[in-house]
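K.L.:
Got a structure for you, written out below as structure tokens; questions coming shortly.
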Amino acid sequence: MTELDERKLDPAVALSSLDETAPREPHRLFALKQGDCFAVADAYGDIRGAGDGFFRDDTRVLSEFRLTIGGRPMSLLGASLSQDNVLFTSNLTNLPIQSAVGRDIPQGAIHIERVRLIWQDRLFERITLSNYSREHSTITVSLHFAADFRDMFEVRGSTRVKRGTTHLAKTDKESVMLGYDGLDGLPRLSAISFSQAPDKLSDNRADFLIAVTKRSQKVLYVEVGPEASEAPNRDRFRAAAARARFGMRAKRRHGATVHSSGRVFNDWVERARADVALLTTELPTGPYPYAGIPWFSTAFGRDGVISSLQMLWLNPGLARGVLAFLAEHQATETSPFSDSQPGKIMHETRKGEMAALRELPFGRYYGGVDTTPLYIHLASAYADRTGDMAFIDRLWPSLKAAAEWTEEASRATGFVTYQRAAESGLANQGWKDSFDSVFHADGRIPKGPIALVEVQGYVFAAFRGMAALARRRGEFADAEHWEGRAEEMRVAVERDFWVDDMNFYALAIDGEGQPCKVRTSNAGHLLFVGLPEPERAKLVVDQLLSASFHSGWGLRTLADDAVFFNPMSYHNGSIWPHDTALCAVGMARFGERDSVVRLMSGTFESAVHFNMRLPELFCGFARAPGEAPIAYPVACLPQAWSAGSTFMLMQACLGLEIDGWQGELHVTRPRLPIGIDTLMIRHLTVGDKAIDLTFQRVGDRVAAFLSDRHEGQVPLIVRT
17 MTELDERKLD PAVALSSLDE TAPREPHRLF ALKQGDCFAV ADAYGDIRGA GDGFFRDDTR
77 VLSEFRLTIG GRPMSLLGAS LSQDNVLFTS NLTNLPIQSA VGRDIPQGAI HIERVRLIWQ
137 DRLFERITLS NYSREHSTIT VSLHFAADFR DMFEVRGSTR VKRGTTHLAK TDKESVMLGY
197 DGLDGLPRLS AISFSQAPDK LSDNRADFLI AVTKRSQKVL YVEVGPEASE APNRDRFRAA
257 AARARFGMRA KRRHGATVHS SGRVFNDWVE RARADVALLT TELPTGPYPY AGIPWFSTAF
317 GRDGVISSLQ MLWLNPGLAR GVLAFLAEHQ ATETSPFSDS QPGKIMHETR KGEMAALREL
377 PFGRYYGGVD TTPLYIHLAS AYADRTGDMA FIDRLWPSLK AAAEWTEEAS RATGFVTYQR
437 AAESGLANQG WKDSFDSVFH ADGRIPKGPI ALVEVQGYVF AAFRGMAALA RRRGEFADAE
497 HWEGRAEEMR VAVERDFWVD DMNFYALAID GEGQPCKVRT SNAGHLLFVG LPEPERAKLV
557 VDQLLSASFH SGWGLRTLAD DAVFFNPMSY HNGSIWPHDT ALCAVGMARF GERDSVVRLM
617 SGTFESAVHF NMRLPELFCG FARAPGEAPI AYPVACLPQA WSAGSTFMLM QACLGLEIDG
677 WQGELHVTRP RLPIGIDTLM IRHLTVGDKA IDLTFQRVGD RVAAFLSDRH EGQVPLIVRT
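Structural data, given as structure tokens:
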């Protein structure tokens, strides 16, 4: 295939696929995840095709799972996820139906509760029917099911010349087995088991005649897994729920916790923390935050690095897990198909049939130009946060290989550039990787190789980080070399990317050496790494905070006067919370802490409108009184670096840095979010100590102090 945008299909394609059924709005869908399985369903608990389903290892093993009562759909009362993201609950009631013996049952007589969770590759569901009428009723309860066993890329719109073999369903008394043999030689199975034998069972439907006496309840348990279970029952459901909740609690206990004086603000923080925990998967190398559900529930290099950078101050263990995984999967050979070169860091990995057959390059793909320098930057930031030089020493061969790739990639032009090596790869390989995200001011698509402005900033940070780490290892010649390379990159960016008549940095430099004179949020990432000289940083900040970029909800990816600006686009005018957070950290670095407070306020208010969850992105329309932010139709929700942006913005407001080398806390010009008077961080690790740190509003300033029991244990240095 050509022109495949791996991170997202062309929105028009994605929308057309959704229009085949009722609209599927991400912020009205509900996701569960555990390990390498996840499920996405609507508020009714139904899976109805399109992009939803139950997925295992990048394969959809349940493409339909609908419940009807008396042959009719139900009326929705409400739906929710538990605060820990383990249980999905839908509350429903019947429409007017007839009982199995012909008696009319009025609307609202029967309450139906669906409770669902995932544990160890298996979906568990409890369906409770409560009869609130004065009559005994025998109700026909039907479960409609199907498994298309489509690869994730097929679900997203890719077409295949040939597929494997789908088998006829095998039914027995209390279960049905759906099966598919892939072209990769692997069988894929989906067994649906019931707590009682259906009165009628076919290859796509199970009918139960359930007698519900007045003022009574009946419960049906269902399980979906790779093999038939022993009969589902109350004890199995409760045991799975208890284990799943215990596992999630264990993940959420890692790192410090945040609590404030604002109840709604706390709800947002708790949901963001729960989303990071939900997406974090325990791999042999340690915890890794998968990128997002549904399209990116796998390990992505760039997303993992940025998500762990966002959480680093609270939970450095996440960064350690990401670094260990990426080091283990570092490229050791050159392959045009996978865009790999020795030393390069992985962009993503996939486990599905199409990746296994190399119909696509994404089984282990390296076509991300920024992941390698970001990996080095994360290692340096982790070392500064923890002082864990023993781990850095183990990583050192990998870090040196990554730095050598980075140097080699910049040898020809002085900048790290990209140009895909095979037609099957990504055309654009920065974080804005849709086909039209890099362009000239007149709309021309530039020829490669392309040097993105933010990537050069990451390279600057990587070289500077390598210099600092080498110096700590006593490798002073290498330290001077990398320090020199960092300065060379800084000078080159200031010389070649700055556009005087824009008072802004160009988006990119194309293969002919011409700058793409377009104002984008990419320049804000230069602030994040501290590259610009202060005068230019101030000009960039002022423009990012202007109405051209700042919608009132967050920062647009593209200024509204650009030729390709579209607030409904994927990368050309939408708002990405992680992008806003990175720019905000950069603003704080250059003294704009009050502006960061305003950005955090807008982001928080956006989350409130999205039921306390920040989606992958949303539309970049200007904020208007009384109106909510507008959802992007096919955004991932939850998304790790969107959830993590909550904590990156918070750290930027507080001005908090942790010096792992000296075992010190540094607070610079702290600010609290609007409406918050007190914020406490509990169990924050500094070296081998865990402390409680409080920020308190006192008049027009913010005080920071340690809990009495920690006073004197950890130096706290506050600059106001």
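Here the numbering used here is used: the first residue of the sequence shown is 17, the next is one more, and so on.
C-beta: ideal position from N, C-alpha, C; glycine also.
In this text, all values refer to a predicted model and were calculated from it rather than measured experimentally.
DSSP state of T105, grouped into three classes?
P.N.:
DSSP places T105 in strand when its eight states are reduced to three.
K.L.:
Once DSSP output is grouped into helix, strand and coil, what is the label at N737?
P.N.:
Because the chain here runs from 17 to 736, residue 737 falls outside it and cannot be looked at.
K.L.:
Taking contact to mean at least 3 C-beta pairs separated by less than 8 Å, is the stretch 569-580 in contact with the stretch 604-622?
P.N.:
In short, these stretches touch, since the Cβ pair count reaches three.
K.L.:
Could you spell out where the alpha helix (DSSP H) holding K554 opens and where it closes?
P.N.:
Segment P550 to L560, the alpha helix (DSSP H) holding K554.
K.L.:
Of all the options S149, F161 and R72, which has the alpha carbon lying nearest to the alpha carbon of D223?
P.N.:
Nearest option by C-alpha distance: F161.
K.L.:
Quick one, which of L415, F455, V718 and Q678 has its alpha-carbon nearest D400's?
P.N.:
When each option's Cα is compared against that of D400, the closest is Q678.
K.L.:
Compare the beta carbon distance of F71 and M168 with 8 Å and say whether it is the shorter of the two.
P.N.:
Contact flag set, yes.
K.L.:
Hey, how far is the Cα of K416 from the Cα of Q667?
P.N.:
For K416 and Q667, the distance between alpha carbons rounds to 30 Å.
K.L.:
Can you give me the Cβ contacts of R231 inside the same chain, cut-off strictly under 8 Å, excluding the 5 residues immediately before and after it?
P.N.:
N147 and Y148, listed in sequence order.
K.L.:
Answer yes or no: do D58 and L48 have a C-beta to C-beta separation smaller than 8 Å?
P.N.:
Cβ atoms of D58 and L48: not closer than 8 Å.
K.L.:
Taking 8 Å as the cut-off, decide whether the C-beta atoms of V545 and A578 are in contact.
P.N.:
Against a cut-off of 8 Å, the Cβ pair of A578 and V545 comes out as no contact.
K.L.:
For L202, count the other beta carbons within 10 Å of its own beta carbon; 16 or more makes it buried, fewer makes it exposed. Which is it?
P.N.:
The residue in question, L202, is exposed, as its Cβ has fewer than 16 Cβ neighbours within 10 Å.
K.L.:
Taking E510 as the reference, which of T536, D526, W498 and E470 has the closest Cα?
P.N.:
That would be E470, whose Cα lies nearest to the Cα of E510.
K.L.:
By Cβ distance below 7 Å, which residues in the same chain neighbour M505 in space, the five residues on each side in sequence not counted?
P.N.:
If we look at M505 and ignore the five residues flanking it on each side, its Cβ neighbours are Q472, V475, F476 and F479.
K.L.:
Using a threshold of 8 Å, state whether the C-beta atoms of T736 and R717 are closer than that.
P.N.:
In this structure, R717 lies closer than 8 Å to T736 by Cβ.
K.L.:
Among the residues of its own chain, which have a CB less than 7 Å from the CB of I690, if the five just before and after it don't count?
P.N.:
Same-chain partners within the cutoff: V613 and S617.
K.L.:
Near T429, which residues of its chain fall below 7 Å by C-beta distance, leaving aside the five closest residues on each side in sequence?
P.N.:
For T429, where only same-chain residues beyond five positions count, the Cβ hits under 7 Å are A467.
K.L.:
Using the three-state DSSP reduction, which class does L31 fall into: helix, strand or coil?
P.N.:
Only weak support is given to the placement of L31: the predicted model assigns it a pLDDT of 34, under 50, and the value that follows is read from those uncertain coordinates. Three-state result, L31: helix.
K.L.:
When you compare only the Cα positions, how much space is there between D21 and R172?
P.N.:
Residue confidence is low: D21 scores 41 on pLDDT, short of 50, so the model does not pin down where it sits. Its coordinate-derived value is still stated next. Roughly 11 Å separates the two Cα atoms.
K.L.:
Can you check whether the CB of H270 is closer than 8 Å to the CB of N331?
P.N.:
Yes, these two residues count as a Cβ contact at 8 Å.
K.L.:
Any contact of the stretch 638-651 with the stretch 660-676, i.e. 3+ C-beta pairs under 8 Å?
P.N.:
The answer is no - the stretch 660-676 does not touch the stretch 638-651, with fewer than three Cβ pairs under 8 Å.
K.L.:
Sort F637, Q114, W412 and T402 by Cα distance to E491 and report the nearest one.
P.N.:
If we check each option's Cα against that of E491, W412 comes out closest.
K.L.:
Exposed or buried, what is Q136 when buried is set at 16 or more other beta-carbons lying within 10 Å of its beta-carbon?
P.N.:
So Q136 ends up on the exposed side.
K.L.:
Suppose you measure from the CA of P583 to the CA of L523; what does that come to, to the nearest Å?
P.N.:
Answer to the nearest angstrom: the Cα atoms are 18 Å apart.
K.L.:
Could you tell me whether any Cβ in chain D is nearer than 8 Å to the Cβ of D716?
P.N.:
The chain labelled as chain D is not found in the depicted structure, where only one protein chain is given.
K.L.:
Per the contact definition of three or more C-beta pairs closer than 8 Å, is the stretch 351-371 in contact with the stretch 697-712?
P.N.:
Counting Cβ pairs under 8 Å, fewer than three are found: no touch.
K.L.:
Is the beta carbon of L295 sitting closer than 8 Å to the one on G308?
P.N.:
The answer is yes: Cβ separation under 8 Å.
K.L.:
For E243, I'd like the list of residues in its chain whose CB is within less than 6 Å of its CB, leaving aside the five on either flank, ordered along the chain.
P.N.:
Result list for E243: A207, in chain order.
K.L.:
Whose CA, out of R265, P214, D610 and P631, lies closest to the CA of H594?
P.N.:
Taking only the C-alpha atoms, the option nearest H594 is P631.
K.L.:
Looking at the secondary structure, which residues open and close the beta strand (DSSP E) in which I690 lies?
P.N.:
Segment: none, I690 is in no beta strand (DSSP E) and carries neither H nor E.
K.L.:
In this structure, what does DSSP give as the bridge partners for N147?
P.N.:
BP columns for N147 point to I126.
K.L.:
Would you say M482 and L543 are within 8 Å of each other, going by their C-beta atoms?
P.N.:
No, these two residues do not count as a Cβ contact at 8 Å.
K.L.:
Cutting at 6 Å between CB atoms, please list the residues of its own chain near R150, excluding the five before and the five after it.
P.N.:
Correct list, in chain order: K230.
K.L.:
Does DSSP put A656 in a helix, in a strand, or in coil?
P.N.:
It is helical.
K.L.:
Are at least three pairs of beta-carbons, each pair with one atom in the stretch 122-138 and one in the stretch 237-256, less than 8 Å apart?
P.N.:
Yes, the stretch 122-138 is in contact with the stretch 237-256.
K.L.:
Hey, F165 and T75 are a contact pair by Cβ (cut 8 Å); roughly how many whole angstroms apart?
P.N.:
Rounded, the Cβ-Cβ distance is 6 Å, consistent with contact.
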